[in-house]
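One structure is given below, encoded as structure tokens.
Chains as they are written, first to last, in this note's numbering: chain A, -15 to 333; chain B, -15 to 333; chain C, -15 to 333; chain D, -15 to 333.
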């Protein structure tokens, strides 16, 4: 049985695990002061072309989102995002638990049943912002302090460089911070024709480089590319329970991920497999795409008979019921997806 | 100049003020233990036909919503409401400040530009709930613990008894508490053909009787009609800064409001004036209704020329711009609105 | 039966009530924009000799402490105070409810059983601060952002001008804000030989002038004397449920309190009665003082036999059991305490 | 240079690392549903003789304390502990960040300058509880909901079984939950003559088995031994950012730790080295003990000259300055401390 349910159903990439093994007996400092974390920061700064970056290593995505948003927002501020944003849907209210409202922007065009693309559209964002700042009762409403986007999105889609630049301009026009959740960043960077780490570092006020879903056992690297981290970041992180005592665990892993382009290669490998799977499903099986995703999450509308057959070979998630006769399913590849695993889905098998 | 901007631009109803005056020199207990609060509770229990009620007096509406919701919800629970709900729009995130997500239910029918009626529709609510409880990832989402509605709504509209009963059934089906924000309750009860205090007490798990907007200087009475207040309510209220030391101030006012049907008469008086104003605007001026409200908030689409003329006589709020040529305005009556004030708006004046 | 249990067992001072009566029918703006609040702010600025003051009217003391502290502290900061501080003992954790630690400074000299004077001593505060800033692990501890003191203290005692200046210097040396809780300020100012409103305005970063316990039905005036209120104060106040819609209620009362020196006269009246009561108890009855308080809260060690006799004439609080044979009791006077009420305690009656 | 600064300056125990390596390529479920976590729970239940246990794996200690306390306390409840408790000192206010007060119990005997033993003494606890529940103003104070102790304590000391039973009785008498922070549990169990996992499981309402400091790269196992976990624990954990998506990482490590008595052997190894180090320092060097600790944290008063000499061979923490001439230092051993490392401290070297 092969598994395509998620990109966190695996261990660590061999090179990451190897680095943990070879450094295991070394004694280090803690709480982010270990030299592995130090060197990993240097490598990330280089990869981002952002030598002023403040970088922090946290353990997981939900923790990171809540900790960072609570750190960059004033207590009375909320965060804008699209309706499918992870912080709005699948974090059990972690951001609200820190006291902030998650403001999901309604699309201007909201035809019932349309398949959204999972992206925050600038037109929708600006419409919301124009309405808010024109509202005479704005003082009684939650003031937006930041915009949150995921790259790639929860539906696997990507913002183009141009779209990111436009969002950046909107944030600048309205005095908002732009925060990019990069839980699956490796896959996004690998699939994007024009967005790379340096552009992300130029355009975002803060973003995180996902480790857990991209080759690490655990760990996310938060980057404030302009040396603009809030004051007393260590205390802010600690009071959210996000400061790892044994920080070298994540430092070592990111040192490996950012050596010899491993992070990007991890992304490329998964995208390669995703493309193969997609071509197979579209061309051989004739499945329709539910969402046209260029990254490692692929969504298909699959007829019941095929679902039964595929179920016997592979594990994958039911995404959503579209109507009486159609259901969408999600297949996820990762750095760990082998050629054999993709081949096993072949119609002829 | 007459004023129709709000129903909290006035002092207290004469009878309420008189009772404050005549009791002023009496020494009382504090923190809710004073005999005025005690007697006011008895009067409210009688008026609600709910002898088991736990009743608490707080100072203001936003404070009440945040305190009560935080008291009836588990830490991981959120509250469902419609998009125009006060807690979702105009409380600067007071509910989120206590750690809970405000879940605004999207209407199933969301044609851009439609005028909503400010009500939470059962069909929309059930659709959301069915989807939530069918979602295999629900554990990662905010669990709903209560449904919040305002009576009357923020747009002046009313739920019929039948609609309340339907919402009650939905709450029962899904194990949710029903909380009714009665900031303008007097006006709702006066205008409603079928909802009275006893029905509210039967159908809601907790509701509050608004004082500030309905004849008091300040104060709201929270009612748990089935004696179902959470444990240690005084501590819960105090830690939200909502426990008045000089509780007799609100106790005395509610004692007056619930003597000789004053609360309902206050409502009737304002509705009478609202109807007169509405008839005048619709019949004499020919204005179209922006929202068909039966209560003390009235919304009209008024042509620019008329706006200028009315502005010279009265103060009223711009509600929203509908399109290039049309803007909606709100006129609010209260117990304090006199016949002369209504008459001053007469087209012939 | 006369009542000395508290200074919030009464209504409003006659002049305050009168002003509420005479302004009752006027229509005003809301949320602090009413002209009564505006004029009251001007009067307070004058009385404080602080023309740059930002002033906000809230409803009650606990609400004020939690709202203001959460507004002036960074999320990761805590507030220093002495062990008997109201925020540390009697607010049901309202400050912690906003996410901040209340750091009670241990007295260097802590002989068990000693009667404390309810004051934060500079030596104890400096010792704590020196230890904190010398601690290499300080980043893992809660960072202090402000110092909280009450004037008068919870035990009725007063800081001298010199003591306040010393605390000010300490705050400056360590970069801390000084916040003064003036729940009973009128009584403190009346009894203090050297501290007046202008000195408080000079030395504190923010303080509040208590209304509820000093002549008002409800209300406290928060003063940022140097125009140093945090940004977006209205939103910060609103999200704590502390923004009164009908703000004129508190504005009118403070307008009255700051006309014709009423606030100070209210204080002097209560102190006069407190002194009479004290002389009577010490000289005629021979009671020992439990705490040597110069303000309206008086504490005596009273033998059982006398307690019984006094109980028949007056209501007063048991303060604490000192040992097997001795208990301390508290008698509180206020602006409402009449000569007759004091006279009724006379030993000969 | 050898290192004795902490017990989290190392990687993972060889057996734990080996198990991560051999399971790395296996695909698993997530969020705690993976079979490694499942089997690790079984092993822990067995080791605790508590077959009904609810067990959750979190990433780190501070996160665990805040998440668990917020889950077992009502919003208005606080947690009692001793003054040196980790949650009171070194978690940057993580517990307060969730809205709860940390109530540090003052020792009845508080002679300035005495060396405390880091333990919560039952007499002090009962005195506090008796005073609280006898206080008529208790409703205005934070109500205690749980008692927090660390085993071993922050000063390396241990509660005897009898002391734990006494605390248990006190908790039962006052209706409090007993929560044991076992960040260094392996070392405590190894050094304790009478406390083992089954006794902890019998006496505590909830405790955690520390992984990070006891052989794991990361991870802590929270145990509710009586199947008494709060409802919806996954959502509670997730909203605190404490739910690891790749849960198998901690599951695998605890599976290794609870196979072949590894956890206890890890403890014994460290204690062996601690004893050797202690004997060397006390007998050969003649150092006085600052705290008489039986576990892996050892505290000595070391003269300056010796400090200089030791500094050249080893890294260790300055603990605190006792007076002008004496300073205390801490040496920490762990499962990773080798015979050579201890030998290197030999006076003759």
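The beta carbon of each residue, even a glycine, is placed where N, CA and C say it ideally should be.
Item                                                                                                                            : Value
Among 142/D, 224/D, 218/D and 157/D, nearest to residue 184/D - alpha-carbon criterion                                          : 142/D
Bounding residues of the beta strand (DSSP E) (the contiguous stretch that carries residue 90/B)                                : Where residue 90/B is concerned, there is no enclosing beta strand (DSSP E), given that its DSSP letter is neither H nor E.
Against chain B: residues of the stretch 216 to 232 of chain D by CB proximity under 9 angstroms                                : 216, 218, 219, 220, 222, 223 and 227
Cutoff 8 angstroms: residue -13/B Cβ touching any chain C Cβ                                                                    : yes
Nearest-angstrom Cα separation, counted from residue 264/B out to residue 58/C                                                  : 54 angstroms
Nearest-angstrom Cβ-Cβ length linking residue 161/A and residue 326/A, presumed shorter than 8 angstroms                        : Contact doesn't hold; Cβ gap of about 40 angstroms is too wide.
Bridge partners - residue 54/A, DSSP secondary structure assignment                                                             : Per DSSP, none; premise fails for residue 54/A.
Residue 201/A at chain D interface by Cβ criterion, 8 angstroms                                                                 : yes
Test item: CB-CB of residue 116/C and residue 65/C under 8 angstroms                                                            : no
Short-range partners of chain C found in the stretch 78 to 106 of chain D, where Cβ spacing is below 9 angstroms                : 79, 80, 81, 82, 83, 84, 85, 86, 88, 90, 92, 93, 94, 95 and 96
Amino acids of chain C, ordered along the chain, whose beta-carbon sits closer than 8 angstroms to that of residue 62/D         : 77 and 80
Local Cβ density within 10 Å of residue 28/D, reported as buried at 16 or more and exposed below that                           : buried
Residues that residue 124/C contacts on chain A, provided the C-beta gap is smaller than 7 angstroms                            : 222
Within 9 angstroms of chain B by C-beta, residues of the stretch 24 to 50 of chain C in sequence order                          : 42, 43, 44, 45, 46, 47, 48, 49 and 50
Segment limits, alpha helix (DSSP H) that includes residue 190/B                                                                : Where residue 190/B is concerned, there is no enclosing alpha helix (DSSP H), although the beta strand (DSSP E) it sits in stretches over 190 to 194.
Beta-carbon proximity of residue 79/B to residue 71/B, cut-off 8 angstroms                                                      : yes
Paired residues, beta bridge with residue 205/A - DSSP                                                                          : 41/A and 193/A
Close-in-space but distant-in-sequence residues of the same chain around residue 1/A (CB under 6 angstroms, 5 per side omitted) : none
Close Cβ partners of residue 331/A (< 7 angstroms) along its chain, the five nearest in sequence each way excluded              : 268 and 269
Where the beta strand (DSSP E) containing residue 165/A begins and where it ends                                                : 161 to 166
Residues of the stretch 173 to 189 of chain C whose Cβ lies closer than 7 angstroms to any Cβ of chain D, in chain order        : none
Near-chain A residues of the stretch 302 to 331 of chain B - C-beta to any C-beta below 8 angstroms                             : 302
Alpha carbon of residue 195/D to alpha carbon of residue 167/D, nearest angstrom                                                : 7 angstroms
Which listed residue (153/A, 254/A and 295/A) has its alpha carbon closest to that of residue 170/A                             : 254/A
Listed by chain order, chain D residues near residue 128/B by CB distance under 9 angstroms                                     : Simply none; closest approach about 12 angstroms.
Proximity to residue 312/D [Cα-Cα], best of 205/D, 276/D and 283/D                                                              : 283/D
Residue 21/D and residue 231/D closer than 8 angstroms at C-beta                                                                : yes
Chain D residues whose Cβ lies nearer than 9 angstroms to that of residue 119/B                                                 : Those within 9 angstroms of residue 119/B in chain D number zero; the least Cβ separation is about 13 angstroms.
Anticipated Cβ contact below 8 angstroms, residue 301/D with residue 24/D, distance rounded                                     : In fact, because the Cβ distance is near 32 angstroms, the residues do not count as touching under 8 angstroms.
The beta strand (DSSP E) enclosing residue 301/A, as first and last residue numbers                                             : 301 to 305
Which listed residue (217/C, 175/C, 164/C and 202/C) has its alpha carbon closest to that of residue 191/C                      : 164/C
Residue 145/B - DSSP class collapsed to helix/strand/coil                                                                       : helix
Chain-ordered neighbours of residue 209/A on chain C, where CB pairs are closer than 7 angstroms                                : Chain C residues near residue 209/A: none, gap ~23 angstroms exceeds 7 angstroms.
CB contact check: residue 3/A to chain B, cutoff 8 angstroms                                                                    : no
Per-residue DSSP class, three states only, for residue 11/C                                                                     : coil
Closest residue to residue 210/A among 172/A, 188/A, 226/A and 222/A (Cα-Cα distance)                                           : 188/A
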